[in-house]
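Trainee: Numbering (the UniProt record's numbering), first residue to last: 1 to 376.
Structure below; questions to follow.
Pasting the structure below:
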């Protein structure tokens, strides 16, 4: 029965013998080849060596034929196993042959099968291409849908990480605010934190609007100032205010944690100061007794906060409405200056003051400020 041997050429770089016609040497080589194929369970029936010659590089070249065991041809696994044994130095030839390398030929059986089935496979190729094209279109469609959802998810993540990604930068609100240490809250988040702005969480009211106590997911308490519609600022003014407040970081000044500017709402989220205002303590409403030593400490704390605003804040800030109602007391009765709704930025230009109108609660007014409305 005709079989299809696997063929190739063995090249020995430095054989120690010169008699190329010595059949005993080649018989030993054939025996070692069969042992190696057998130890690796390669289905080989026999091997044949022929045409031993020296090439131009003085290498000994020997043609090799490897015949299959059982079927009349090797499958692709069998061919791979032969190549593994011969091409990866797995096979150790007799020592007189020295080091070698192997170059295999194209396997004749695979070439014949490919030629014989070329025409019959044309229709299969066409059908396969059509199916493959359909699958490709479907995959592209799915990839497009996936990319769209990923983009939306990325936009949501960007909005959370960058509070101003969706800021309305039109002529009414200006460009994106530049904040330090504050973040944006959605209206739904604020609504959840305050239990839908329940009366139980209402802790104050004023000309700006109402103040609510809220609880963040971390358990931190916050104070949320919600502007009433009559006191809302324009987009530029609101942006300026949150930029100003976000720059303020001092132990005697109430810190801004974030803001909400959507669905027609303007809200500021501050740290929660539990013991209310100095006015409530002085009037006895809070039932906190303030001896003179505590009052002195509170006055010094408020002075430090104002000094920070005037001299160290960047840019400096003039409060313009300092009063006992705007000095808050924390859990240790430390003073914190609050309510910057009427604050004024001092310019950094060549002028040494800013001109402004009288603001805040009417009461004592510095005479020089009354006659010359300039902040020095």
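Each residue gets a CB set at the ideal place from its N, CA and C atoms; glycine is no exception.
No experiment lies behind these values; they were computed from the predicted model shown.
Inspect the CB distances between the segment 307 to 324 and the segment 247 to 264 and report whether three or more fall short of 8 Å.
Mentor: Contact between the segment 307 to 324 and the segment 247 to 264 is present, because at least three Cβ pairs lie under 8 Å.
Trainee: I'd like to confirm the pairing. Which residues does DSSP put opposite residue 50 in its beta bridges?
Mentor: 63
Trainee: Decide if residue 382 is buried, meaning its Cβ has at least 16 other Cβ atoms within 10 Å, or exposed.
Mentor: This structure cannot settle anything about residue 382, because the visible part of the chain is limited to 1 through 376.
Trainee: Can you give me the Cβ contacts of residue 326 inside the same chain, cut-off strictly under 6 Å, excluding the 5 residues immediately before and after it?
Mentor: 338, 339
Trainee: If the criterion is Cβ atoms closer than 8 Å, does the pair residue 182 and residue 256 meet it?
Mentor: yes
Trainee: Taking the straight line between their C-alpha atoms, what separation do you get for residue 59 and residue 143?
Mentor: 56 Å
Trainee: Given a cut-off of 8 Å on the beta-carbon distance, is the pair residue 62 and residue 48 in contact?
Mentor: no
Trainee: Quick check: the Cα distance between residue 84 and residue 146, rounded to an integer number of angstroms?
Mentor: If you take the alpha carbons of residue 84 and residue 146, they lie about 43 Å apart.
Trainee: Taking the CB atoms as reference points, tell me whether residue 102 and residue 80 lie closer together than 8 Å.
Mentor: no
Trainee: Looking at the secondary structure, which residues open and close the beta strand (DSSP E) in which residue 224 lies?
Mentor: 221 to 227
Trainee: Under a three-way DSSP split, which group does residue 337 fall into?
Mentor: strand
Trainee: DSSP three-state call for residue 247: helix, strand or coil?
Mentor: coil
Trainee: Spell out the partners DSSP gives residue 215 in its beta bridges.
Mentor: DSSP, once it has assigned bridges, lists 221 as partnering residue 215.
Trainee: Going by DSSP in three states, residue 262 sits in which element: helix, strand or coil?
Mentor: coil
Trainee: Per DSSP, residue 328 forms a beta bridge with which residues?
Mentor: DSSP lists 277, 336 as partners of residue 328.
Trainee: Would you call residue 54 buried or exposed, if buried means 16 or more other Cβ atoms sit within 10 Å of its Cβ?
Mentor: exposed
Trainee: Just curious, the beta strand (DSSP E) that residue 267 is in, first and last residue?
Mentor: 267 to 271
Trainee: In whole angstroms, what separates the C-alpha of residue 193 from that of residue 130?
Mentor: 57 Å
Trainee: Just to confirm, does residue 40 get its C-beta within under 7 Å of one of the non-hydrogen atoms of the ligand ADP?
Mentor: Although the ligand ADP was asked about, the structure shown includes no ligands whatsoever.
Trainee: Where does residue 149 land, buried or exposed, given buried means 16+ other C-beta within 10 angstroms?
Mentor: exposed
Trainee: Below 6 Å CB to CB, which residues in the same chain sit around residue 274 once its five sequence neighbours on both sides are set aside?
Mentor: The answer, listed in chain order, is 331.
Trainee: Helix, strand or coil for residue 236? Go by DSSP, reduced to three states.
Mentor: helix
Trainee: Given a cut-off of 8 Å, decide if residue 226 and residue 214 are closer than it, judged by their beta-carbon atoms.
Mentor: no
Trainee: By the DSSP assignment, the beta strand (DSSP E) with residue 202 in it spans what residues?
Mentor: 202 to 205
Trainee: Distance, Cα to Cα, residue 217 vs residue 189?
Mentor: Straight-line Cα distance between these residues: approximately 10 Å.
Trainee: By the DSSP assignment, the beta strand (DSSP E) with residue 90 in it spans what residues?
Mentor: Note, residue 90: premise wrong, no beta strand (DSSP E); not H, not E.
Trainee: For residue 317, which of 140, 240, 270 has the nearest alpha-carbon?
Mentor: 240
Trainee: Distance check for residue 2 and residue 26, CA to CA, integer angstroms please.
Mentor: Their Cα atoms are separated by approximately 25 Å.
Trainee: Tell me whether residue 17 is buried or exposed, calling it buried when 16 or more other Cβ atoms sit within 10 Å of its Cβ.
Mentor: Residue 17 is exposed by the Cβ-count criterion.
Trainee: Kindly list the residues whose CB is nearer than 8 Å to the CB of residue 222, restricted to its own chain and excluding five residues on each side of it in sequence; keep chain order.
Mentor: Cβ neighbours of residue 222 within its own chain (closer than 8 Å, five residues either side excluded): 193, 213, 214, 215, 216, 257, 269, 270, 271, 272.
Trainee: Roughly how many angstroms lie between the CA atoms of residue 42 and residue 135, to the nearest whole one?
Mentor: 39 Å
Trainee: Quickly, what does DSSP pair residue 146 with across the bridge? List them, please.
Mentor: Paired residues: none, contrary to the question.
Trainee: Can you give me the C-alpha to C-alpha distance between residue 29 and residue 109, rounded to a whole angstrom?
Mentor: Looking at the two C-alpha atoms, the distance is approximately 26 Å.
Trainee: Pick from 75, 132, 133: whose alpha carbon is nearest that of residue 107?
Mentor: 75
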